[in-house]
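If you want our numbering, it's the position in the sequence shown, counting the first as 1, plus 183.
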Amino acid sequence: AAGTAAVQQQWQQQADLQLGELQRRQAMNAERFQPRWDLRHVQAGEWYASGTGLAVSQAAMAQSVTNAEELMQRGGLAIEPEGDRIVRSLSPAAVLTHSLSSRHTGVLQSRRFLIDSDNIFVRAWGQNSQVRLVIENYPLGNGGLYPAVRLNRDEPGWLRLDTAYRRGSHAWLEFTTDAAERAYFGVTEVLSGDQPELPLETVMSSHALLRGTVPTSLDEVAERYRTVLQEAVQAWKARTLTDEQAAFLNFFVQRDLLPTQRDSLASLWPLVEQYRPLEREIPVPRRVPGVLEAAGIDHPLWERGQLTRPGRIVPRRGPQVLGSEPFATVQSGRLQLAEQTASGDNPLTARVLVNRLWQHAFGEGLVRTVDNFGRLGELPTHPELLDYLAARFVRDEGWSMKRMLRLLLTSETWQQSSRGEAAGLERDGANRWLSRMSLRRLEAEAIRDAILAVSGQLDLKMYGPGVSVYFVSRTEGGGASGPLDGDRRRSVYQRIRRNAFNPFLEAFDAPRPATTRGRRDVTNVPLQALTMLNDPFVIDQAAKWGALVVAEGASTEQRIGGMFLRAFGREISAGELRAAQEYLADLCREHGVPTGDMNQSVAVWQDFAQSVFCLKEFLYVH
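Listed below in structure tokens is the structure:
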């Protein structure tokens, strides 16, 4: 009897203690925090989901609220991808990306809301994932600009996003998996509040056990454990599992107090052997920038960019100057804007495209300000020609840029020499009226590719990953420096990194990738000549070309003529041959090489090759 009383007393004390603690936590949370979303129930249907890991959630969000309640994940079972252990954990009711596999991906976004508190709290867990706030419809603000938290925990817990600085802004919450082989997240709730302390956990696994009549013996205690576990398993099978039951059951699963190993679940092992090979075949998706269609909003006008003083609401539409009316859609209006922009009736699109193609072919557009056809832009030099080409581009060429370029490049205008007649030079010094072809330097990428081609090093292999850029001084986030010659690949395969840019290309006006540039700067500065003389890439390619010339074993005259033909695409003149021979003799004296041994000296021919690279004819198109 004494033992019975002791069991009852201790049990009742624990029950009262746990119930009191639960009530205290619930009261404190209710006092300090305001609920935003409960993703364990139908409110998950208010979020936007994308990705293979959220396919079930996407189905829920596309259907009625009732179905959303049915399709949210309850008691998701995580299967170990390898080893003798089969079951890893059990999840509470939540939006999950790993209900089938942690190789699946997901992006989960809330609706847009006004930040009216100093903190936002999320109850979440995951690996190789993050949650962040996207402020004022600008999703590119990463790297510490916006509040964000990495998810690297296996059990649900509260995380804080500091929003004090962003108070008064509009934003949305975004959960994303990384581009890792395995990544996942789960989320149950979102709260807001002004105090920085985290909400208290109110899901207590022991509460499911302590509820009900008080056991009178240790045997009844054991029976209570068995009964509660059995009820939890049955609820899991029926998809009615509560959070308390999930936490209670998960406690036993994670500590192997329930069968989780191959030996104890022999009947399940054949299914596991089928699942794992299939699961390993799930590809890691390739990622590209994109957009998600969602409910559209009309944005206020920010006078002078002051986001804290919003002006009148501007309806979603195309440029008003072109007669565009507000879009009649509840979605973003992107589709309507795209259709309007790509329409043959749009007076700007075809003209802008044709003008850019003209600039690509001739060096300058018919409208020189290719990025600005507005009031601050220049007028076209040949408006009738621009109109004709735009109409032909749409009507006859079917918007084909290849066919339009073929038309431009086969014209007499494009095939003119840059050496104009005296009358044309006098009357059209700036060549605004196209009396001749303008003298143009090759673009930076073309110069680099030409050096590789002439030195015999260019690898014309297509496709495959990009090549890391070679740079001398490491920059933060620039990654590892690549090979000096860019793996001999064409410049189009050079990786573009804003903080690790190719110094050779930059010297020849390749723009830094900080913003779009419709027209590159064209400069002629001493730095470019110094680059051709001192850049390690140029020196390296000159050495390889010199070694190639020496290995060919031809006569001096044949070597010089071959190098000119290779670099300039023409035969060498008699005067150029004499000058080249005299220059080679000077190089022999400089290197201390007897004239008779000149054809065996790689150093002499390296310097000669680099001098060819530096000639204007190599760098400019006449």
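A virtual CB, placed ideally from N, CA and C, is assigned to each residue, including glycine. Treat the numbers as computed from the prediction; the structure is a model and nothing was measured.
Proximity below 9 Å, CB of residue i to CB of residue j
i	j	result
G369	A277	yes
I679	G649	yes
P563	V550	yes
V795	V637	yes
E604	R623	no
D723	D704	no
R681	P696	yes
P339	P275	yes
V652	S664	yes
G721	W788	Residue identity check: residue 721 is Val in the sequence provided, not Gly. For V721 and W788, no; Cβs fall outside 9 Å.
W220	E372	yes
F545	W597	yes
F510	G479	yes
F296	W341	no
A232	L291	yes
R575	L591	no
H353	I318	yes
L667	A690	no
E462	L518	no
T361	S285	A small fix is needed here, since residue 361 is Asp in this sequence, not Thr. Against a cut-off of 9 Å, the Cβ pair of S285 and D361 comes out as no contact.
Nearest-angstrom beta carbon gap, residue j and residue i [assumed within contact, 8 Å]
i	j	result
P498	D481	5 Å
G701	V553	4 Å
L424	A418	4 Å
S300	G376	6 Å
L770	F791	6 Å
T385	L205	6 Å
V404	I269	Not confirmed; about 29 Å, so no contact.
G729	V785	5 Å
I298	T359	With a Cβ gap of about 20 Å, I298 and T359 do not count as contacting.
Cβ neighbour criterion (16 or more within 10 Å) applied to residue i
i	result
V809	The structure shown has nothing for residue 809, since the chain only spans 184 to 805.
E357	buried
R616	A small fix is needed here, since residue 616 is Trp in this sequence, not Arg. Looking at its Cβ environment, which holds fewer than 16 other Cβ atoms inside 10 Å, W616 is exposed.
D579	exposed
S272	buried
Y367	buried
Q197	exposed
V513	exposed
R315	buried
I262	buried
S600	exposed
D632	buried
I303	buried
M715	buried
T288	buried
M645	exposed
DSSP state of residue i mapped onto helix, strand, coil
i	result
A829	Since the displayed the chain opens at 184 and closes at 805, residue 829 lies outside it and no answer follows.
W220	strand
Q196	helix
D481	coil
I743	helix
D570	helix
Q640	coil
I496	strand
G548	coil
A683	coil
N529	coil
D337	strand
T187	helix
Y231	strand
L279	strand
A261	strand
T512	coil
Q489	coil
Y348	coil
T360	strand
R470	coil
S794	helix
R207	helix
A331	strand
Y653	coil
Y646	coil
Min CB distance residue i to chain B below 9 Å
i	result
V637	Protein chain content of the structure displayed is limited to a single chain, and chain B is not contained in it.
Practice task
Could you pull out every unbroken beta strand (DSSP E) segment of at least 3 residues lying fully inside the segment 295–329, listed in chain order?
Solution key: 302–318
Problem - Continuous alpha helix (DSSP H) assignments of at least 4 residues falling wholly in the segment 366–400 - result: 390–393
Handout entry: Unbroken stretches of the alpha helix (DSSP H), 4 residues or longer, contained in the segment 584–621
Key = 584–592, 605–610
Handout entry: Start-end ranges of the alpha helix (DSSP H) lying completely within the segment 693–738, minimum 4 residues
Key = 709–717, 719–735
Exercise for the section: Write down every uninterrupted run of the alpha helix (DSSP H) in the segment 422–460 whose length is 4 residues or greater and which is fully enclosed by it, in chain order. Expected result: 426–437
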